[in-house]
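Take a look at the structure below.
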Ligand SMILES: [Zn+2]
Ligand SMILES: [Zn+2]
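Numbering (the working numbering), first residue to last: 77 to 339.
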């Protein structure tokens, strides 16, 4: 099984389990490698679903605990960093605060709107689906072009609650894939989408095919917020990757990548 590089910890206030439980679950799932990429802190209080900057030492402790439990299994240390316009300086500072193995870039906010938060779902009606998609994908492309991230998270997260414009969606996918390809970043297949309203992985097949054609490398991740979610639906994700033409995935260490075949 591929590495699972998108896993959270209770420091983000909406995940559960101990470091040892995540490691044990990874073993059961047959993963060769794991990486934690919890929601990164902001310079000051921002919302209630991320660690605080002063909690970073606790995060380092968590990683140390996981490594002690993991024995030979590599445990990578990463962050899932929110892309916010004007947030570049803080992201750069964070990048220098530890020897991260990779950084995941995510778009969860359109301006002040946390669009993937069920509590803010109503705002899709205010924006309209097309406008929400326009804004989301513009931010996604911008985040990739910043070249601050090794992996771009859950590419079509904007579909989470099932909001999708009618017709061929490639008019949004194409510029986004071009931006990722130009940046050299990888994307992830994120299996968590299967368990949301939209009931499919991120990204959709046409996006994945475009990414493959453009030479964008891949990772396969669960976005686990509990030990039972580690490596979830990876067999199906590997099948999806192969169906899109992928035959390899990336591993990361010290922000350097290695290509490994998809078995
Ligand atoms: Zn989360
Ligand atoms: Zn995310």
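Positions of the beta carbon are idealized from the N, C-alpha and C atoms, including for glycine.
*Could you check which residue in 336, 280, 221, 281 has the C-alpha nearest to that of residue 261?*
Among 336, 280, 221, 281, the Cα nearest to that of residue 261 is on 221.
*Cβ-heavy atom distance between residue 261 and ligand 2 below 7 angstroms?*
Residue 261: no, Cβ never under 7 angstroms from ligand 2.
*Candidates 104, 224, 266: closest to residue 157 by CA position*: Across the set 104, 224, 266, the C-alpha of 224 shows the shortest separation from the C-alpha of residue 157.
_Considering just the uninterrupted stretch of the alpha helix (DSSP H) at residue 175, what are its terminal residues?_
Looking at the DSSP string, residue 175 is not in any alpha helix (DSSP H), and its letter there is neither H nor E.
*Look up residue 158 in the DSSP assignment and give the residues it is bridged to.*
In the DSSP assignment, residue 158 forms a beta bridge with 182.
*What's the call for residue 299, buried or exposed, on a 16-neighbour Cβ count within 10 Å?*
Per the 10 Å Cβ criterion, buried.
*Is there at least one non-hydrogen atom of ligand 1 closer than 7 angstroms to the beta-carbon of residue 159?*
The answer is no for residue 159.
*Check whether the Cβ atoms of residue 294 and residue 317 lie closer than 8 angstroms to each other.*
In contact: residue 294 and residue 317 (Cβ atoms closer than 8 angstroms).
*asked:* Mapping the DSSP letters down to three states, classify residue 326 as helix, strand or coil.
replied: Strand.
*Where residue 283 and residue 251 are concerned, what is the direct C-alpha to C-alpha distance, given to the nearest angstrom?*
A direct Cα-to-Cα measurement between residue 283 and residue 251 gives close to 11 angstroms.
*Assign residue 264 to buried or exposed, taking buried as 16 or more other Cβ atoms, counted over all protein chains shown, within 10 Å of its Cβ.*
Only buried fits residue 264, as 16 or more other CB atoms lie within 10 angstroms of its CB.
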